[in-house]
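Q: Protein chains in written order, with the numbering used here: chain A, 6 to 118; chain B, 311 to 422.
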Amino acid sequence: EPEVTQTPSHQVTQMGQEVILRCVPISNHLYFYWYRQILGQKVEFLVSFYNNEISEKSEIFDDQFSVERPDGSNFTLKIRSTKLEDSAMYFCASSPDYLTVYTFGSGTRLTVV
Amino acid sequence: GEDVEQSLFLSVREGDSSVINCTYTDSSSTYLYWYKQEPGAGLQLLTYIFSNMDMKQDQRLTVLLNKKDKHLSLRIADTQTGDSAIYFCAERGYNQGGKLIFGQGTELSVKP
Numbered sequence: 006e007p008e009v010t011q012t013p014s015h016q017v018t019q020m021g022q023e024v025i026l027r028c029v030p031i032s033n034h035l036y037f038y039w040y041r042q043i044l045g046q047k048v049e050f051l052v053s054f055y056n057n058e059i060s061e062k063s064e065i066f067d068d069q070f071s072v073e074r075p076d077g078s079n080f081t082l083k084i085r086s087t088k089l090e091d092s093a094m095y096f097c098a099s100s101p102d103y104l105t106v107y108t109f110g111s112g113t114r115l116t117v118v
Numbered sequence: 311g312e313d314v315e316q317s318l319f320l321s322v323r324e325g326d327s328s329v330i331n332c333t334y335t336d337s338s339s340t341y342l343y344w345y346k347q348e349p350g351a352g353l354q355l356l357t358y359i360f361s362n363m364d365m366k367q368d369q370r371l372t373v374l375l376n377k378k379d380k381h382l383s384l385r386i387a388d389t390q391t392g393d394s395a396i397y398f399c400a401e402r403g404y405n406q407g408g409k410l411i412f413g414q415g416t417e418l419s420v421k422p
């Protein structure tokens, strides 16, 4: 069964550093998403991406965050200057269309120290 | 904004049925989902129901939807210790651009 692949599975970074979280969505999917889950809390929507542009973003997704689909297969989330409160599990997801159930990756655990 | 609520904990004995409940506020919900998360792992889609359905059964799982009360439940028959996990309810509204709104998760503990 096709999978959404996320790398790395765990990343530790120092406060103030830039991090890039990588995702390879399912190959024929057109809609891409990032979510995050702070330990013990809800899974929260960050951003959706379609047709090479952001289609929706949440209040969490401020100027420190950006997304990119650089080469037609990868979908990346960049955090420019990490803060302690960015420590969370980040999930990528993809979907073939606007309404179909989508598939989540296994997540990247980001720890900011 | 739209919200999804779940109770935080449920404890059952192995072999019993588990019922996990969820309420939501978005009246334009199109799909409602149940995800399972084991410790340190990702989100595994268990089942989902379209908003014009009342019930969906899939092996040991039964989803009931009361659209009038905006109440969703997941019943797991013959619960096993391997079912111990956190279960998230999520809804997708017609006007939400495809994003999911998650509940805070119900931790299911299955005792032998």
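Every residue, glycine too, gets a C-beta built ideally from N, C-alpha and C.
Does the Cβ of D388/B have 16 or more other Cβ atoms within 10 Å, making it buried, or fewer, making it exposed?
A: As a working mapping, residue 388/B is identified with position 78 in the second sequence. That one is exposed.
Q: Could you tell me how far apart the beta carbons of V48/A and F412/B are, in whole angstroms, since I believe they sit closer than 8 Å?
A: Numbered from its first residue, the first sequence carries residue 48/A at position 43. Numbered from its first residue, the second sequence carries residue 412/B at position 102. Confirmed, Cβ separation roughly 4 Å.
Q: Counting only beta-carbon atoms, is Y397/B nearer than 8 Å to chain A?
A: Here residue 397/B corresponds to residue number 87 of the second sequence, with the count starting at 1. For Y397/B, the answer is no, since every Cβ of chain A falls outside 8 Å of its Cβ.
Q: Starting from the Cα of C7/A, find the closest Cα among S71/A, Q19/A and G110/A and give me that residue.
A: Walking along the first sequence from the start, residue 7/A turns up at place 2. For the record, residue 7/A in the displayed sequence is Pro; it is not Cys. Closest option to P7/A, Cα to Cα, is G110/A.
Q: Enumerated in chain order, which unbroken segments of the beta strand (DSSP E) with a length of 3 residues or greater are wholly contained in the region 320-358 of chain B?
A: As far as the region 320-358 of chain B is concerned, its whole beta strand (DSSP E) runs of at least 3 residues are 328-334 and 339-347.
Q: Can you tell which of T335/B, A400/B and Q414/B has its C-alpha closest to the C-alpha of T357/B?
A: Position 47 of the second sequence, counted from the start, is the residue given in the question as residue 357/B. The candidate whose alpha carbon is nearest that of T357/B is A400/B.
Q: At a CB-CB cut-off below 8 Å, which residues of chain B make contact with F80/A?
A: Numbered from 1 along the first sequence, position 75 holds the residue referred to as residue 80/A. What F80/A touches in chain B: nothing, since even the nearest Cβ is about 15 Å away.
Q: Which of the three DSSP states is assigned to L89/A in this structure?
A: Counting from 1 along the first sequence, the entry for residue 89/A is found at position 84. Looking at L89/A - three-state DSSP - the assignment turns out to be helix.
Q: Using 8 Å as the threshold, is the C-beta distance between T113/A and L26/A below it?
A: Within the first sequence, numbered from 1, the residue matching residue 113/A stands at position 108. Within the first sequence, numbered from 1, the residue matching residue 26/A stands at position 21. Cβ distance < 8 Å, so T113/A and L26/A count as in contact.
Q: Quick check: G408/B and S99/A, are their CB atoms within less than 8 Å of each other?
A: Here residue 408/B refers to the residue found at position 98 of the second sequence. Here residue 99/A refers to the residue found at position 94 of the first sequence. No, they are not a contact pair.
Q: Spell out whether any CB of chain A is found under 8 Å from the CB atom of Y334/B.
A: Along the second sequence, read from residue 1 onward, the residue named residue 334/B stands at position 24. Y334/B does not count as touching chain A.
Q: Using the beta-carbon of each residue, which ones in chain A are nearer than 8 Å to T340/B?
A: In the second sequence, residue 340/B corresponds to position 30, counting from 1. Per Cβ cutoff of 8 Å: L104.
Q: Using the DSSP secondary-structure output, state which residues sit across from R426/B in a beta bridge.
A: Outside the shown range of chain B, which is 311 to 422, sits residue 426/B, and nothing can be said about it.
Q: Helix, strand or coil: which one does DSSP assign to G392/B?
A: If you number the second sequence from 1, residue 392/B lands on position 82. Residue state, collapsed to three classes: helix.
Q: Between K378/B and Y334/B, is the Cβ-Cβ spacing less than 8 Å?
A: As a first step, residue 378/B must be located in the second sequence, where it is residue number 68. As a first step, residue 334/B must be located in the second sequence, where it is residue number 24. No.
Q: Just to confirm my understanding: we take S63/A, look at its own chain, exclude 5 residues before and 5 after, and list those with CB closer than 8 Å. What are they?
A: Numbered from its first residue, the first sequence carries residue 63/A at position 58. If we look at S63/A and ignore the five residues flanking it on each side, its Cβ neighbours are E49, F50, L51 and V52.
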